[in-house]
Amino acid sequence: MSTRRDLPESPYLAAVSGRKPNRVPVWFMRQAGRSLPEYRALRAQTDMLSACFDAELVCEITLQPVRRHDVDAAILFSDIVVPLLGAGIDLDIVAGVGPVIESPVRTAADVAAVKPLERQRVQPVSDAVSLLVSALGNVPLIGFAGAPFTLASYLIEGGPSRNHARTKAMMLAEPDTWHALMEKLTDITVGFLRVQLEAGVDAIQVFDSWAGALSLANYRTYVQPHSARVFAALADYGVPMTHFGVGTAELLGAMSSVGANVVGVDWRTSLPDAAARVQPGTALQGNLDPVVVLAGWPVVERAARAVVDDGRRAIDAGAAGHVFNLGHGVLPETDPGVLTDLVSLVHSL
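Oh and the sequence shown: position 316 is 315 in numbering that gives the first Met the number 0, straight run, nothing missing.
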(Lines of atoms letter the chains of each structure in order from A and count residues from 1; the text may use other names and numbers.)
(Lines give C-alpha, C1' and ligand atoms only; values in the text may rest on other atoms or scores of the structure.)
Protein backbone atom coordinates (compact mmCIF):
# COMPACT_ATOMS: atom_id res chain seq x y z
CA MET A 1 0.00 0.00 0.00
CA SER A 2 1.39 3.39 -0.96
CA THR A 3 2.04 6.23 1.46
CA ARG A 4 -0.75 8.75 0.97
CA ARG A 5 0.19 12.39 0.35
CA ASP A 6 -0.42 14.80 3.22
CA LEU A 7 -2.54 17.63 1.80
CA PRO A 8 -3.82 19.51 4.86
CA GLU A 9 -4.62 22.68 2.89
CA SER A 10 -6.83 20.95 0.31
CA PRO A 11 -10.35 22.45 0.36
CA TYR A 12 -11.69 19.32 -1.33
CA LEU A 13 -10.24 16.89 1.19
CA ALA A 14 -11.38 19.11 4.06
CA ALA A 15 -14.98 19.25 2.82
CA VAL A 16 -15.29 15.52 2.15
CA SER A 17 -13.72 14.70 5.51
CA GLY A 18 -16.14 16.80 7.55
CA ARG A 19 -13.71 19.66 8.17
CA LYS A 20 -14.34 23.30 7.28
CA PRO A 21 -12.51 24.23 4.05
CA ASN A 22 -10.99 27.66 3.48
CA ARG A 23 -13.20 28.04 0.39
CA VAL A 24 -16.01 26.12 -1.28
CA PRO A 25 -14.20 23.39 -3.22
CA VAL A 26 -15.15 22.79 -6.82
CA TRP A 27 -14.33 20.29 -9.54
CA PHE A 28 -16.37 18.93 -12.45
CA MET A 29 -17.21 15.44 -13.56
CA ARG A 30 -15.80 15.04 -17.10
CA GLN A 31 -13.68 18.15 -16.56
CA ALA A 32 -10.98 16.42 -18.63
CA GLY A 33 -12.63 15.91 -21.98
CA ARG A 34 -14.21 17.20 -25.13
CA SER A 35 -15.01 20.68 -23.85
CA LEU A 36 -11.27 21.50 -23.88
CA PRO A 37 -9.56 22.34 -27.18
CA GLU A 38 -6.25 21.06 -25.83
CA TYR A 39 -7.94 17.71 -25.14
CA ARG A 40 -9.38 17.54 -28.65
CA ALA A 41 -5.94 18.26 -30.09
CA LEU A 42 -4.36 15.42 -28.10
CA ARG A 43 -7.13 12.99 -28.98
CA ALA A 44 -7.16 13.80 -32.71
CA GLN A 45 -4.89 10.86 -33.56
CA THR A 46 -5.78 8.50 -30.69
CA ASP A 47 -8.93 6.51 -30.00
CA MET A 48 -10.48 6.64 -26.55
CA LEU A 49 -9.40 3.23 -25.30
CA SER A 50 -5.83 3.65 -26.53
CA ALA A 51 -5.71 6.98 -24.72
CA CYS A 52 -6.86 5.32 -21.48
CA PHE A 53 -3.91 2.90 -21.64
CA ASP A 54 -1.21 5.49 -22.40
CA ALA A 55 0.09 6.58 -18.99
CA GLU A 56 1.73 9.80 -20.17
CA LEU A 57 -1.35 10.79 -22.18
CA VAL A 58 -3.64 10.03 -19.22
CA CYS A 59 -1.42 12.20 -17.04
CA GLU A 60 -1.49 15.13 -19.45
CA ILE A 61 -5.26 14.95 -20.05
CA THR A 62 -5.94 14.73 -16.32
CA LEU A 63 -3.79 17.81 -15.69
CA GLN A 64 -5.36 19.97 -18.41
CA PRO A 65 -8.45 21.16 -16.49
CA VAL A 66 -6.40 21.69 -13.32
CA ARG A 67 -4.14 24.09 -15.19
CA ARG A 68 -6.96 25.82 -17.02
CA HIS A 69 -9.70 26.08 -14.38
CA ASP A 70 -7.94 26.06 -10.97
CA VAL A 71 -10.26 23.28 -9.79
CA ASP A 72 -9.71 21.84 -6.32
CA ALA A 73 -9.32 18.22 -7.43
CA ALA A 74 -8.19 16.24 -10.45
CA ILE A 75 -10.04 13.12 -11.49
CA LEU A 76 -8.16 10.38 -13.29
CA PHE A 77 -8.86 10.37 -17.02
CA SER A 78 -10.23 6.94 -17.86
CA ASP A 79 -13.46 5.27 -18.94
CA ILE A 80 -16.00 3.34 -16.96
CA VAL A 81 -15.37 0.19 -19.05
CA VAL A 82 -11.58 0.09 -18.59
CA PRO A 83 -11.76 -2.52 -15.79
CA LEU A 84 -13.83 -4.75 -18.09
CA LEU A 85 -10.95 -4.66 -20.57
CA GLY A 86 -8.73 -5.54 -17.63
CA ALA A 87 -10.84 -8.66 -17.21
CA GLY A 88 -10.35 -9.61 -20.86
CA ILE A 89 -13.80 -8.62 -22.11
CA ASP A 90 -13.84 -7.62 -25.79
CA LEU A 91 -15.39 -4.20 -26.28
CA ASP A 92 -14.99 -0.97 -28.18
CA ILE A 93 -16.08 2.62 -27.71
CA VAL A 94 -18.02 3.65 -30.80
CA ALA A 95 -18.30 7.35 -31.61
CA GLY A 96 -21.83 8.59 -31.05
CA VAL A 97 -22.84 5.36 -29.31
CA GLY A 98 -20.51 4.64 -26.40
CA PRO A 99 -19.16 1.32 -25.14
CA VAL A 100 -20.20 -1.69 -27.25
CA ILE A 101 -19.65 -5.20 -25.87
CA GLU A 102 -18.59 -7.77 -28.47
CA SER A 103 -20.37 -10.69 -26.74
CA PRO A 104 -23.04 -9.58 -24.24
CA VAL A 105 -23.39 -11.54 -21.00
CA ARG A 106 -26.93 -12.94 -20.91
CA THR A 107 -26.88 -16.51 -19.60
CA ALA A 108 -25.52 -18.40 -16.62
CA ALA A 109 -22.83 -19.84 -18.90
CA ASP A 110 -21.87 -16.33 -20.02
CA VAL A 111 -21.56 -15.27 -16.39
CA ALA A 112 -19.42 -18.29 -15.56
CA ALA A 113 -17.05 -17.27 -18.36
CA VAL A 114 -16.42 -13.77 -16.95
CA LYS A 115 -12.83 -13.72 -15.76
CA PRO A 116 -11.30 -11.72 -12.88
CA LEU A 117 -9.33 -8.53 -13.36
CA GLU A 118 -5.71 -9.13 -14.37
CA ARG A 119 -3.72 -6.35 -12.76
CA GLN A 120 -1.02 -6.37 -15.41
CA ARG A 121 -3.64 -5.46 -18.03
CA VAL A 122 -4.30 -2.17 -16.22
CA GLN A 123 -0.69 -1.41 -15.28
CA PRO A 124 -0.78 1.79 -17.40
CA VAL A 125 -3.48 3.11 -15.06
CA SER A 126 -1.20 2.57 -12.08
CA ASP A 127 1.66 4.21 -13.97
CA ALA A 128 -0.52 7.22 -14.80
CA VAL A 129 -1.50 7.66 -11.15
CA SER A 130 2.16 7.60 -10.12
CA LEU A 131 2.96 10.30 -12.68
CA LEU A 132 0.03 12.41 -11.53
CA VAL A 133 0.85 12.17 -7.84
CA SER A 134 4.24 13.68 -8.68
CA ALA A 135 2.83 16.33 -11.03
CA LEU A 136 -0.20 17.60 -9.10
CA GLY A 137 1.55 19.28 -6.20
CA ASN A 138 -1.08 20.15 -3.59
CA VAL A 139 -4.08 19.17 -5.73
CA PRO A 140 -5.68 15.86 -4.73
CA LEU A 141 -6.29 13.11 -7.28
CA ILE A 142 -9.60 11.26 -7.38
CA GLY A 143 -9.60 7.72 -8.71
CA PHE A 144 -12.78 6.19 -10.01
CA ALA A 145 -14.59 3.09 -11.18
CA GLY A 146 -18.05 2.09 -12.27
CA ALA A 147 -20.27 0.40 -9.71
CA PRO A 148 -21.17 -3.26 -10.27
CA PHE A 149 -24.75 -2.51 -11.39
CA THR A 150 -23.69 -0.05 -14.07
CA LEU A 151 -21.00 -2.43 -15.35
CA ALA A 152 -23.59 -5.23 -15.37
CA SER A 153 -25.93 -3.13 -17.46
CA TYR A 154 -23.25 -2.51 -20.09
CA LEU A 155 -22.40 -6.22 -20.19
CA ILE A 156 -25.98 -7.47 -20.40
CA GLU A 157 -27.37 -4.84 -22.76
CA GLY A 158 -24.28 -4.89 -24.95
CA GLY A 159 -23.94 -1.12 -24.67
CA PRO A 160 -25.79 1.94 -23.41
CA SER A 161 -29.52 1.46 -22.84
CA ARG A 162 -32.50 3.70 -22.20
CA ASN A 163 -34.61 1.25 -20.23
CA HIS A 164 -32.12 -1.45 -19.14
CA ALA A 165 -34.75 -4.05 -20.02
CA ARG A 166 -32.48 -7.08 -20.37
CA THR A 167 -30.63 -6.11 -17.20
CA LYS A 168 -33.80 -5.86 -15.14
CA ALA A 169 -35.16 -9.06 -16.67
CA MET A 170 -32.12 -11.05 -15.58
CA MET A 171 -32.17 -9.41 -12.16
CA LEU A 172 -35.82 -10.30 -11.53
CA ALA A 173 -36.19 -13.60 -13.38
CA GLU A 174 -32.78 -15.16 -12.73
CA PRO A 175 -31.62 -13.84 -9.36
CA ASP A 176 -28.96 -16.52 -8.90
CA THR A 177 -27.38 -15.68 -12.24
CA TRP A 178 -27.69 -11.99 -11.44
CA HIS A 179 -25.98 -12.22 -8.07
CA ALA A 180 -23.23 -14.42 -9.51
CA LEU A 181 -22.50 -11.73 -12.11
CA MET A 182 -22.63 -8.97 -9.52
CA GLU A 183 -20.18 -10.85 -7.29
CA LYS A 184 -17.71 -11.06 -10.15
CA LEU A 185 -18.15 -7.41 -11.08
CA THR A 186 -17.76 -6.36 -7.46
CA ASP A 187 -14.39 -8.11 -7.39
CA ILE A 188 -13.40 -6.41 -10.66
CA THR A 189 -14.40 -2.97 -9.35
CA VAL A 190 -12.56 -3.51 -6.06
CA GLY A 191 -9.47 -4.73 -7.88
CA PHE A 192 -9.44 -1.75 -10.24
CA LEU A 193 -9.81 0.73 -7.39
CA ARG A 194 -7.07 -1.02 -5.41
CA VAL A 195 -4.71 -0.55 -8.35
CA GLN A 196 -5.38 3.19 -8.18
CA LEU A 197 -5.24 3.41 -4.39
CA GLU A 198 -1.97 1.53 -4.17
CA ALA A 199 -0.50 3.91 -6.75
CA GLY A 200 -1.48 6.88 -4.58
CA VAL A 201 -4.87 8.40 -5.41
CA ASP A 202 -6.14 10.62 -2.59
CA ALA A 203 -9.85 9.79 -2.89
CA ILE A 204 -12.15 7.63 -4.98
CA GLN A 205 -15.55 8.01 -6.61
CA VAL A 206 -17.79 5.10 -7.57
CA PHE A 207 -20.15 5.92 -10.43
CA ASP A 208 -23.44 4.03 -10.48
CA SER A 209 -24.57 5.94 -13.53
CA TRP A 210 -27.66 3.84 -14.26
CA ALA A 211 -28.87 3.10 -10.71
CA GLY A 212 -31.64 5.69 -11.10
CA ALA A 213 -33.42 3.22 -13.39
CA LEU A 214 -34.26 1.08 -10.35
CA SER A 215 -36.95 1.22 -7.70
CA LEU A 216 -35.77 1.58 -4.13
CA ALA A 217 -36.93 -1.97 -3.33
CA ASN A 218 -35.02 -3.49 -6.24
CA TYR A 219 -31.94 -1.41 -5.49
CA ARG A 220 -31.90 -2.63 -1.90
CA THR A 221 -32.36 -6.28 -2.88
CA TYR A 222 -30.25 -6.64 -6.00
CA VAL A 223 -27.64 -3.87 -5.92
CA GLN A 224 -27.01 -2.41 -2.49
CA PRO A 225 -25.30 -5.49 -0.96
CA HIS A 226 -22.76 -5.57 -3.80
CA SER A 227 -22.05 -1.85 -3.71
CA ALA A 228 -21.61 -2.11 0.05
CA ARG A 229 -18.99 -4.80 -0.46
CA VAL A 230 -17.02 -2.46 -2.74
CA PHE A 231 -16.81 0.24 -0.09
CA ALA A 232 -16.18 -2.21 2.75
CA ALA A 233 -13.27 -3.75 0.86
CA LEU A 234 -11.62 -0.34 0.46
CA ALA A 235 -12.37 1.20 3.86
CA ASP A 236 -8.95 0.34 5.29
CA TYR A 237 -7.27 2.71 2.83
CA GLY A 238 -8.75 5.56 4.84
CA VAL A 239 -9.48 7.83 1.87
CA PRO A 240 -12.69 9.78 1.21
CA MET A 241 -15.11 7.74 -0.91
CA THR A 242 -17.92 9.23 -3.01
CA HIS A 243 -20.95 7.37 -4.38
CA PHE A 244 -22.75 8.96 -7.34
CA GLY A 245 -25.65 8.16 -9.63
CA VAL A 246 -28.08 10.06 -11.85
CA GLY A 247 -31.81 10.24 -11.14
CA THR A 248 -31.28 8.72 -7.71
CA ALA A 249 -33.42 10.97 -5.50
CA GLU A 250 -35.34 8.03 -4.01
CA LEU A 251 -32.14 6.04 -3.60
CA LEU A 252 -30.00 8.61 -1.79
CA GLY A 253 -30.61 7.14 1.65
CA ALA A 254 -29.73 3.65 0.48
CA MET A 255 -26.73 4.86 -1.53
CA SER A 256 -25.36 6.68 1.51
CA SER A 257 -25.65 3.58 3.68
CA VAL A 258 -23.15 1.46 1.76
CA GLY A 259 -20.04 2.96 3.34
CA ALA A 260 -19.33 6.08 1.27
CA ASN A 261 -18.78 9.29 3.20
CA VAL A 262 -19.80 11.50 0.26
CA VAL A 263 -22.89 11.20 -1.94
CA GLY A 264 -23.19 12.92 -5.30
CA VAL A 265 -26.51 14.63 -5.99
CA ASP A 266 -27.90 15.47 -9.41
CA TRP A 267 -29.80 18.65 -10.24
CA ARG A 268 -33.24 17.11 -9.70
CA THR A 269 -32.87 17.08 -5.90
CA SER A 270 -31.99 20.13 -3.83
CA LEU A 271 -29.00 19.78 -1.54
CA PRO A 272 -31.04 20.47 1.63
CA ASP A 273 -33.50 17.74 0.59
CA ALA A 274 -30.58 15.41 -0.06
CA ALA A 275 -29.16 16.19 3.38
CA ALA A 276 -32.43 15.02 4.90
CA ARG A 277 -32.27 11.73 2.97
CA VAL A 278 -28.68 10.61 3.44
CA GLN A 279 -27.11 9.09 6.51
CA PRO A 280 -26.03 11.56 9.23
CA GLY A 281 -22.49 12.80 8.76
CA THR A 282 -22.49 12.35 4.98
CA ALA A 283 -20.97 15.10 2.83
CA LEU A 284 -22.71 16.10 -0.41
CA GLN A 285 -21.37 16.82 -3.88
CA GLY A 286 -23.21 18.68 -6.64
CA ASN A 287 -25.42 19.81 -8.14
CA LEU A 288 -25.60 22.44 -10.90
CA ASP A 289 -27.48 21.25 -13.99
CA PRO A 290 -24.82 20.85 -16.73
CA VAL A 291 -27.15 22.54 -19.22
CA VAL A 292 -27.19 25.72 -17.13
CA VAL A 293 -23.56 26.28 -18.10
CA LEU A 294 -24.74 26.72 -21.71
CA ALA A 295 -27.32 29.38 -20.84
CA GLY A 296 -25.18 32.52 -20.59
CA TRP A 297 -23.25 34.01 -17.68
CA PRO A 298 -26.13 35.80 -15.88
CA VAL A 299 -28.00 32.48 -15.65
CA VAL A 300 -24.86 30.59 -14.64
CA GLU A 301 -23.99 33.08 -11.92
CA ARG A 302 -27.48 33.11 -10.44
CA ALA A 303 -27.72 29.31 -10.45
CA ALA A 304 -24.23 28.83 -9.01
CA ARG A 305 -24.92 31.20 -6.15
CA ALA A 306 -28.10 29.24 -5.42
CA VAL A 307 -26.18 25.95 -5.31
CA VAL A 308 -23.59 27.40 -2.91
CA ASP A 309 -26.40 28.75 -0.71
CA ASP A 310 -28.13 25.36 -0.84
CA GLY A 311 -24.87 23.70 0.15
CA ARG A 312 -24.65 25.89 3.24
CA ARG A 313 -28.25 25.10 4.12
CA ALA A 314 -27.51 21.41 3.67
CA ILE A 315 -24.60 21.70 6.12
CA ASP A 316 -26.90 23.49 8.57
CA ALA A 317 -29.31 20.55 8.14
CA GLY A 318 -26.64 18.01 9.05
CA ALA A 319 -24.51 17.36 5.95
CA ALA A 320 -20.83 16.99 6.83
CA GLY A 321 -19.71 19.24 3.98
CA HIS A 322 -20.35 20.36 0.40
CA VAL A 323 -18.28 20.08 -2.77
CA PHE A 324 -19.54 22.16 -5.68
CA ASN A 325 -19.88 20.13 -8.87
CA LEU A 326 -22.30 19.66 -11.71
CA GLY A 327 -25.16 17.22 -11.35
CA HIS A 328 -23.60 15.11 -14.12
CA GLY A 329 -20.69 15.43 -16.52
CA VAL A 330 -19.55 18.52 -18.42
CA LEU A 331 -21.28 18.59 -21.82
CA PRO A 332 -18.95 18.56 -24.85
CA GLU A 333 -20.34 21.86 -26.17
CA THR A 334 -19.56 23.70 -22.93
CA ASP A 335 -17.45 26.85 -23.26
CA PRO A 336 -14.36 26.16 -21.11
CA GLY A 337 -14.08 29.87 -20.34
CA VAL A 338 -17.42 29.71 -18.56
CA LEU A 339 -16.14 26.84 -16.40
CA THR A 340 -13.05 28.85 -15.49
CA ASP A 341 -15.22 31.81 -14.51
CA LEU A 342 -17.53 29.48 -12.58
CA VAL A 343 -14.65 28.13 -10.50
CA SER A 344 -13.52 31.68 -9.74
CA LEU A 345 -17.05 32.66 -8.72
CA VAL A 346 -17.54 29.68 -6.41
CA HIS A 347 -14.17 30.33 -4.78
CA SER A 348 -15.23 33.92 -4.09
CA LEU A 349 -18.49 33.02 -2.34
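Ideal Cβ positions, reconstructed from N, Cα and C, are used throughout, including at glycine.
Rounded to the nearest angstrom, the gap between the Cα atoms of Thr-45 and Ala-31 is 15 Å.
Taking Glu-300 as reference, the option from Val-261, Ala-313, His-346 with the minimal CA-CA separation is His-346.
Rounded to the nearest whole angstrom, the CA to CA distance from Pro-103 to Val-307 is 43 Å. From the listed residues Pro-279, Asp-272, Val-238, Gly-320, the smallest Cα separation to Leu-6 is found for Val-238.
DSSP lists no bridge partner for Thr-281. If you look at Asn-217, you'll find it in the alpha helix (DSSP H) that goes 215-221.
Residue pairing of Pro-98 in beta bridges, as defined by DSSP: Ile-92. In this structure, Gln-195 keeps its C-beta atom at 7 Å or more from the C-beta atom of Gly-158. DSSP lists Phe-143, Thr-241 as the bridge partner or partners of Gln-204.
Linking Gly-97 to Ala-54 through their CA atoms gives a straight-line distance of about 22 Å.
Tyr-38 and Glu-182 have their alpha carbons spaced roughly 36 Å apart. If you check the CB distance, Thr-241 and Ala-259 come in under 7 Å. Of the residues assessed, Gln-204 falls on the buried side of the cut-off, its CB having 16 or more other CB atoms within 10 angstroms. Here Leu-341 carries a helix assignment [DSSP, helix/strand/coil].
In the DSSP assignment, Asn-324 is bridged to Asn-286. Excluding sequence positions up to five before and after Leu-233, its CB lies within less than 8 Å of the CB of Val-189, Leu-192, Arg-193, Leu-196, Ile-203, Met-240, all in the same chain and listed in chain order. In the DSSP assignment, Gly-252 falls within the alpha helix (DSSP H) that extends over 251-254.
In the DSSP secondary-structure assignment, Ile-74 is bridged to Ile-141.
A direct Cα-Cα distance of roughly 17 Å separates Ala-111 from Phe-148. When C-beta atoms of the region 163-173 are compared with those of the region 270-282, fewer than three pairs fall below 8 Å, so the two segments do not count as touching. With a minimum length of 4 residues, the unbroken runs of alpha helix (DSSP H) contained wholly in the region 127-200 fall at 147-156, 164-172, 174-198.
Under the three-state reduction of DSSP output, Gly-336 falls in the helix class. Within the same chain, Leu-270, Pro-271, Ala-273, Ala-274, Leu-283, His-321 come within 7 Å of Ala-313 by CB-CB distance, once the 5 residues on both sides are set aside. A straight line joining the alpha-carbon of Ile-187 with that of Val-121 spans about 11 Å. If you draw a straight line from the Cα of Leu-250 to the Cα of Asn-217, it comes to about 10 Å. The alpha-carbon separation between Asp-109 and Ala-151 amounts to approximately 12 Å. Taking Val-113 as the centre and dropping the five residues before and after it, the same chain places the C-beta of Lys-183 closer than 6 Å to its C-beta, in chain order. For Gly-87, there is no enclosing beta strand (DSSP E), as DSSP marks it with neither H nor E. Taken through DSSP and simplified to helix, strand or coil, Val-104 comes out as coil.
Residue pairing for Val-262: DSSP places it in a beta bridge opposite His-242, Leu-283.
According to the DSSP assignment, Glu-117 belongs to no alpha helix (DSSP H), since it is labelled neither H nor E. CA-to-CA, the gap between Asp-288 and Asp-334 works out to about 15 Å. Between Val-291 and Ala-305, the C-beta spacing is not below 7 Å. Looking only at Ser-256, Asp-309, Asp-91, the smallest Cα-Cα distance to Glu-101 is reached by Asp-91. In the three-state DSSP reduction, Val-257 falls in the coil class, being neither helix nor strand. DSSP, reduced to helix, strand and coil, places Val-25 within a strand of the structure shown.
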